[in-house]
Amino acid sequence: MFTRYIVTILPSGRTLPHPVAGHSSRTDRYELPGYAVIIETPDDPTGSYLAIERPAEGRLTITEGHPIRTGAPGLPWSGIYNQMIIDAAAGELRLHNDTFGLLACYFAQSDGALRISNSLRLLRRGGSLGVDELGVAETFMFGGWTPSERIIVRDAQRMASGTEYRFRLGDDRPPDATRLTHTWTDVIDGSVDAIVNRICDLWNAALETHFDPIDTPIGLMLSGGLDSRMVAGAAAARGKKLVGLTFGDLRSDEVKIAGLVAETTGAKWIPSGMDADFAFERLAFDRVNHNIETMYNLMWDANVPLLVAEGATHFSTGATFETIFGGQKDADKRRRLFKNIRQSLFGPWHVGPATAGERAEVAEAIKGIARKRAKHYATLLAAPWRDVVTGNLPAAEREVDERVALIADAGPITPAQIRERFDSEHYQTHYSRYQERQLFTYGTVVLPTVDRDLANYLTNLPAGMKYDHALYYRVINRLYPKLAAIPVPNLGTGVNKSQLQIELNRVWQIQRKQRLTTWVNFSDWMGLGDNMAKYERLFLDQPHFFDADAIRTFFADVRAGRRSIYDGGETTGFLNLACLLDEARLTL
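Sequential numbering from 107 applies to the sequence shown in the numbering used here.
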């Protein structure tokens, strides 16, 4: 079961300066030669979540999550985990995580003490640390994430994904960091057929590793899209009992499509309506923000108990596949259509390593996200924070430039790979992957889509071959042809046809305004009953961060139809940040 923790390593003889756990059952102390290791879990007993081993005198291993030690040798392992190894004789702590850093982990050093935590609040309390204003500004402007390892806590940072850190115990110098993963470092050469064969082999190997050991029902967060569809097909192919959960507007095309996916795979399907009968309170803003420190995606926490009631102890999603496998596509509609026609008629094209100009284009597109949000939403903030956000825009843009350069210098990679890695390691690692943290509250999370060996291959494939899901469509057709034939919501057709047919159908539907209806329309649901008033009240209850008059104006515009809160979690991201900065919530 997921729980918050903070691990503090001190020189022997020193007491914990700022304890965060109020009961002895929530604190464990391990004495090593020269050092003390204190583990605090204020919400649950210490042994309920972390695996703690003492393999030898003077060594302590602490593991969060579920590493899978199979496949090719070397770190990182597959699975979802963070692991720290304290070696008193060597005077060091080694900390590393999985390929995508799926479980948030933060660290801070001061006065000879090292603190490692999965909670921003506990890290602040345990280290008596302040707020990093640039981290706050970036988190607001980028909608819940930052373009580096910077966080909202001063003198602290987030672990980079697929990385090992070596700390010198009792020493405040920054750790040595080594990137372990081989994602986004090269471009693999090969024919389309050979690459499709290799992907299928790696996918099946991942299923053998992740799914085959499970002998209980697998609960799947099932949408009508390709990512969870791949996982549903995988579970069925491996003979697993599958329970699919789909929440949203039960009248929508996308929910109906999810039902077709469940029927085709033989899964038990649980549709959960987000309608007038779905109580606002089920979203549990306070609990999810307290436990997981996110409000994305609130509907998961409200619905996962339905899977538990069906006996599911393992849970899965299509996590990250869209980013690492879907390929980049042009925002310009004509250019996108032209490239898909070219792909369909002539096959993939060669794309060389990013030039200086192409790097700059990638950086500008990312910086545009911050500029747009600062322009349209900074007015919602109370004056001090509004000034912090707008005043830090130039610094945030510099950090984008630095991160794009760092990624580009990792290997001879294409502009598409630069953007893929950026999106994966920042937008997804900070933000959307927090969804999966909610599932840890209810059991074990297994994600074949983040398998290490598969990820190393997919992220290094040619950009021209992956463009706009072209390779993805070939693979799902090879593996699960019946699922490929079911319409995909944003395409309006199945992907069991040529890229040209798929793209022409998509464009036709857009022109005719006949696109399939989406599964959740947050704005529509908020308009039911007094949901909107309750949601507005949550913002008004954070006067330290939001300007009350601006909030009232914003919600008046939403009610009048001039603005929308169907924003992919944007407004909940603002609210989540406000709650994280709320001093009254810091000691809860």
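Every residue gets a Cβ at the ideal spot worked out from N, C-alpha and C, and that includes glycine. Keep in mind it's a predicted model, so treat the numbers as computed, not measured.
Residue i and residue j closer than 8 Å at C-beta
{"i": "T147", "j": "R132", "result": "yes"}
{"i": "R221", "j": "T114", "result": "yes"}
{"i": "E531", "j": "S267", "result": "yes"}
{"i": "A219", "j": "G140", "result": "no"}
{"i": "E503", "j": "L686", "result": "no"}
{"i": "R250", "j": "N682", "result": "The sequence given here has Gly at residue 250, not Arg. Contact flag set, yes."}
{"i": "G453", "j": "V298", "result": "yes"}
{"i": "T693", "j": "Y402", "result": "no"}
{"i": "S254", "j": "R509", "result": "yes"}
{"i": "A340", "j": "F317", "result": "yes"}
{"i": "D261", "j": "S216", "result": "yes"}
{"i": "V460", "j": "P521", "result": "For the sequence presented, residue 460 should be read as Ala rather than Val. Result yes, Cβ atoms of A460 and P521 sit closer than 8 Å."}
{"i": "R231", "j": "H124", "result": "yes"}
{"i": "I112", "j": "S225", "result": "yes"}
{"i": "L644", "j": "F391", "result": "yes"}
Residue i - DSSP class collapsed to helix/strand/coil
{"i": "L622", "result": "coil"}
{"i": "Y579", "result": "helix"}
{"i": "I222", "result": "strand"}
{"i": "P161", "result": "strand"}
{"i": "N596", "result": "coil"}
{"i": "P253", "result": "coil"}
{"i": "W406", "result": "helix"}
{"i": "D238", "result": "coil"}
{"i": "D493", "result": "helix"}
{"i": "V337", "result": "helix"}
{"i": "I376", "result": "strand"}
{"i": "V506", "result": "helix"}
{"i": "L351", "result": "strand"}
{"i": "Q648", "result": "coil"}
Closest Cα partner of residue i within the set the options
{"i": "G236", "options": "G249, I258, T252, A243", "result": "I258"}
{"i": "E542", "options": "D688, M405, E360", "result": "M405"}
{"i": "S130", "options": "V414, D149, F384, Y141", "result": "D149"}
{"i": "A639", "options": "V664, V601, F652", "result": "V664"}
{"i": "I519", "options": "N562, P568, R558, R509", "result": "P568"}
{"i": "A514", "options": "A382, A343, A469", "result": "A469"}
{"i": "E416", "options": "G325, D630, R231", "result": "G325"}
{"i": "S422", "options": "L564, I168, V594, L313", "result": "L313"}
{"i": "A88", "options": "M571, D292, S450", "result": "No answer is possible for residue 88: the residues shown for the chain start at 107 and end at 694."}
{"i": "L138", "options": "E526, K588, R441, L166", "result": "L166"}
{"i": "T291", "options": "A561, K478, N602", "result": "A561"}
{"i": "Q449", "options": "T429, S604, A501", "result": "S604"}
{"i": "R264", "options": "T287, L308, F213", "result": "F213"}
{"i": "C306", "options": "A690, A654, Y579, N602", "result": "Y579"}
{"i": "G276", "options": "A196, N637, Y540", "result": "A196"}
{"i": "N303", "options": "N583, Y136, K619, K435", "result": "N583"}
{"i": "A666", "options": "A471, L348, M632, R691", "result": "M632"}
Buried versus exposed call for residue i [16 or more other C-beta atoms within 10 Å across all chains shown]
{"i": "W625", "result": "buried"}
{"i": "P151", "result": "exposed"}
{"i": "E369", "result": "exposed"}
{"i": "R175", "result": "exposed"}
{"i": "G424", "result": "buried"}
{"i": "F444", "result": "exposed"}
{"i": "Q544", "result": "buried"}
{"i": "G724", "result": "Nothing can be reported for residue 724, as the shown portion of the chain is limited to 107 through 694."}
{"i": "I616", "result": "exposed"}
{"i": "M107", "result": "exposed"}
{"i": "W455", "result": "exposed"}
{"i": "R335", "result": "buried"}
{"i": "H650", "result": "exposed"}
{"i": "D154", "result": "Rather than Asp, the amino acid found at residue 154 in this sequence is Ser. So S154 counts as exposed."}
{"i": "Q648", "result": "buried"}
{"i": "L646", "result": "exposed"}
{"i": "L512", "result": "exposed"}
{"i": "K473", "result": "buried"}
{"i": "A338", "result": "buried"}
Integer Cβ distance of residue i from residue j, believed to fall under 8 Å
{"i": "A656", "j": "V495", "result": "Actually they do not touch by this definition, with Cβ atoms about 13 Å apart."}
{"i": "G345", "j": "L328", "result": "Contact doesn't hold; Cβ gap of about 18 Å is too wide."}
{"i": "L229", "j": "E170", "result": "Contact flag wrong, Cβ pair sits at about 14 Å."}
{"i": "F427", "j": "D333", "result": "4 Å"}
{"i": "G458", "j": "D574", "result": "19 Å between Cβ atoms; not a contact."}
{"i": "L622", "j": "G600", "result": "No, L622 and G600 are not in contact; Cβ-Cβ is about 12 Å, not under 8 Å."}
{"i": "P179", "j": "D204", "result": "The pair is not a contact, with the Cβ atoms about 16 Å apart (cut-off 8 Å)."}
{"i": "P595", "j": "G330", "result": "5 Å"}
{"i": "I363", "j": "I592", "result": "6 Å"}
{"i": "A590", "j": "F248", "result": "About 34 Å separates the two Cβ atoms, so there is no contact after all."}
{"i": "T429", "j": "Q534", "result": "6 Å"}
{"i": "L308", "j": "D134", "result": "Not quite, the Cβ-Cβ distance comes to about 40 Å (not below 8 Å), so this is no contact."}
CB contact check: residue i to chain D, cutoff 8 Å
{"i": "L166", "result": "The structure shown contains no chain D; it holds only a single protein chain."}
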